[in-house]
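So the sequence shown is numbered by our numbering: it starts at 648 and just counts up by one. What follows is a single structure, written as structure tokens, with notes after it.
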Amino acid sequence: MSKEFDYTKLKHVTSVDQSDRKVPYNLRQSGPTKVEMLISTRVRKSPYWHLSMQAGCWRATVYNRIYHPRGYVKPEDGGAMVEYDAIVNHVTMWNVAVERQIQVKGPEAEKFVDYVITRDATKISPMRARYVILCNAYGGVLNDPILLRISKDEFWFSLSDSDIGMYLQGVNADGRF
């Protein structure tokens, strides 16, 4: 891309003095809530939901419109710190059925994938996976999926919670790939 970028958009600039601020910066994402989440028809359960419940899951969040089990150890038993220790120092098993898979397939698949990721897609052998990053035009991270190269002309992105499918369609809106 030869377009000149306005890098001032990359940082948060404010002329307001916030040194005496007494509330969290983002009220939508800060602090506990006193709300219970209902299981509804607008959000799906993963195929492994029942196993998560059997394993003692007591807390969940919504991720890609699927309930994602997120808490197994109760706060009175050490909670998140015990779970963190298990992840770092032992073995844990996670229900990651919430991840989305996007297939890119065809004679221009490698060229397209190489265009949208920061890693060199030509160096990924078939049946090998790599951690990749997709960035916007300013270098901001859009997603950091695992990319599996199935064959010479087929790739699968295993994505976190985002609308990368629509982004990829937009990148190829002119049909050049």
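Every residue, glycine too, gets a C-beta built ideally from N, C-alpha and C.
Please classify residue i as buried or exposed, where buried requires at least 16 other C-beta atoms within 10 Å of its C-beta.
i: His737; result: exposed
i: Pro716; result: buried
i: Val763; result: buried
i: Ile771; result: buried
i: Tyr731; result: exposed
So, at 6 Å on beta carbons, what are the nonlocal neighbours of residue i in its own chain, with the 5 sequence-adjacent residues on each side left out?
i: Gly718; result: Trp705, Arg706
i: Glu755; result: Phe824
i: Gly822; result: none
i: Val709; result: Val690
Looking at the unbroken beta strand (DSSP E) that takes in residue i, where does it start and where does it end?
i: Asn790; result: 788-790
i: Leu795; result: 793-798
i: Ala707; result: 706-710
i: Val720; result: First-last for Val720: undefined, no H or E at that position.
i: Tyr778; result: 775-778
Tell me which same chain residues have a C-beta within less than 7 Å of the C-beta of residue i, skipping the five on either side of it?
i: Arg691; result: Arg712, Ile713
i: Asn790; result: Leu781, Leu806, Ser807, Ser809, Ile811
Considering residue i, what are the terminal residues of the alpha helix (DSSP H) in which it resides?
i: Ala756; result: 756-763
i: Trp696; result: 696-701
i: Val601; result: There is simply no residue 601 to check, as the chain begins at 648 and stops at 824 in what is shown.
i: Ile811; result: 811-818
If you draw a straight line from the alpha carbon of residue i to that of residue j, how long is it in whole angstroms?
i: Pro792; j: Val745; result: 13 Å
i: Ile797; j: Val818; result: 22 Å
i: Leu795; j: Asn742; result: 19 Å
i: Leu698; j: Thr739; result: 14 Å
i: Val779; j: Val760; result: 10 Å
i: Ala727; j: Ala820; result: 43 Å
Step through the CB atoms of chain C and report whether any lies within less than 8 Å of the CB of residue i.
i: Asp810; result: The displayed structure is made up of one protein chain only, and chain C is not part of it.
Grab me the residues of residue i's own chain with a C-beta within less than 8 Å of its C-beta, minus the 5 sequence neighbours each way, in chain order.
i: Pro694; result: Ala744
i: Glu757; result: Ala768, Thr769, Lys799, Asp800, Phe802
i: Val729; result: Val720
i: Trp696; result: Tyr714, Pro716, Asn742
Three-pair Cβ contact test at 8 Å for the segment 720-736 versus the segment 773-791
These segments do not touch.
Point to revise | Three-pair Cβ contact test at 8 Å for the segment 792-805 versus the segment 735-750 | key: Three or more beta-carbon pairs drawn from the segment 792-805 and the segment 735-750 are found closer than 8 Å, and the two stretches are therefore classed as touching.
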